[in-house]
Amino acid sequence: MSKSVQDEKIERLQVLEHNLQGILAQKQQFQSQLFEVNSALEEIDGSEEVYKILGGVLLRKKKEDVKKELAEKRDLTQIRITTIEKQEKRMREQAQTLQEEVVKKMQEEEKK
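Using the working numbering, you'd call the opening residue of the sequence shown number 1238 and step up by one each time.
This is the structure we're talking about:
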């Protein structure tokens, strides 16, 4: 393996780590959304009247309609989190493999 191939692997590892940070930020946003939706669903259960903000207007809505919308949003958000977790796992595995290759090559170079 030439030095340029080693440099290329290091560069790919850095790109992977950068992309992983972006994935983790997305995951955190979706987890926050999921928390908000679950909190809203709990609040609705204890309320008789339900209101929803649409644009700059506060509208009275049917409780069951809002619960259905929130449940759909919760399910979609959970699917997104699951998808992101799969991407995260795959990226971590790729980064681990690349890191092991780079470290192994560096150790071989030191022995020479």
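Each residue gets a CB set at the ideal place from its N, CA and C atoms; glycine is no exception.
Considering only their Cβ atoms, is the gap separating alanine 1308 from leucine 1253 smaller than 7 Å? On the sequence shown, residue 1253 is found 16 positions in, with the first residue counted as 1. On the sequence shown, residue 1308 is found 71 positions in, with the first residue counted as 1. No, Cβ-Cβ distance for leucine 1253 and alanine 1308 is not below 7 Å.
Short check: CB of phenylalanine 1267 to CB of isoleucine 1318, under 7 Å? What you label residue 1267 is simply residue 30 of the sequence shown in a count that begins at 1. What you label residue 1318 is simply residue 81 of the sequence shown in a count that begins at 1. Yes; because the gap between Cβ atoms is below 7 Å, this pair is in contact.
For threonine 1320, count the other beta carbons within 10 Å of its own beta carbon; 16 or more makes it buried, fewer makes it exposed. Which is it? As a first step, residue 1320 must be located in the sequence shown, where it is residue number 83. With fewer than 16 other Cβ atoms from the protein chains shown falling within 10 Å of its own Cβ, threonine 1320 counts as exposed.
Verify whether the separation of the beta carbon atoms of isoleucine 1281 and valine 1274 is less than 7 Å. Reading the sequence shown from its first residue, position 44 is the one you call residue 1281. Reading the sequence shown from its first residue, position 37 is the one you call residue 1274. Not a contact, by the Cβ cut-off of 7 Å.
Give the secondary structure of lysine 1289 by DSSP, where H, G and I count as helix, E and B as strand, and everything else as coil. As a working note, residue 1289 is residue 52 in the sequence shown. Reduced to three states, the DSSP call for lysine 1289 is strand.
Is it buried or exposed, threonine 1314, if we count other Cβ atoms within 10 angstroms and call 16 or more buried? As a first step, residue 1314 must be located in the sequence shown, where it is residue number 77. So threonine 1314 counts as buried.
To the nearest whole angstrom, what separates the beta carbons of leucine 1296 and lysine 1305, a pair I think is in contact under 8 Å? Walking along the sequence shown from the start, residue 1296 turns up at place 59. Walking along the sequence shown from the start, residue 1305 turns up at place 68. Contact doesn't hold; Cβ gap of about 16 Å is too wide.
Coil, strand or helix - lysine 1298 by DSSP: As a first step, residue 1298 is located in the sequence shown; it is residue number 61 there, counting from the start. Strand at lysine 1298.
Cutoff 8 Å; reference lysine 1298; Cβ partners in own chain excluding five residues on either side: Counting from 1 along the sequence shown, the entry for residue 1298 is found at position 61. When the five nearest sequence neighbours on each side are left out, the beta carbons in the same chain lying within less than 8 Å of the beta carbon of lysine 1298 are those of Val1287, Tyr1288 and Lys1289, in order along the chain.
Would you please state the rounded distance, in angstroms, between the beta carbons of methionine 1328 and leucine 1250? I believe it to be under 8 Å. In the sequence shown, counting from the first residue as 1, residue 1328 sits at position 91. In the sequence shown, counting from the first residue as 1, residue 1250 sits at position 13. Your pair methionine 1328 and leucine 1250 does not check out as a contact, with CB atoms roughly 11 Å apart and the cut at 8 Å.
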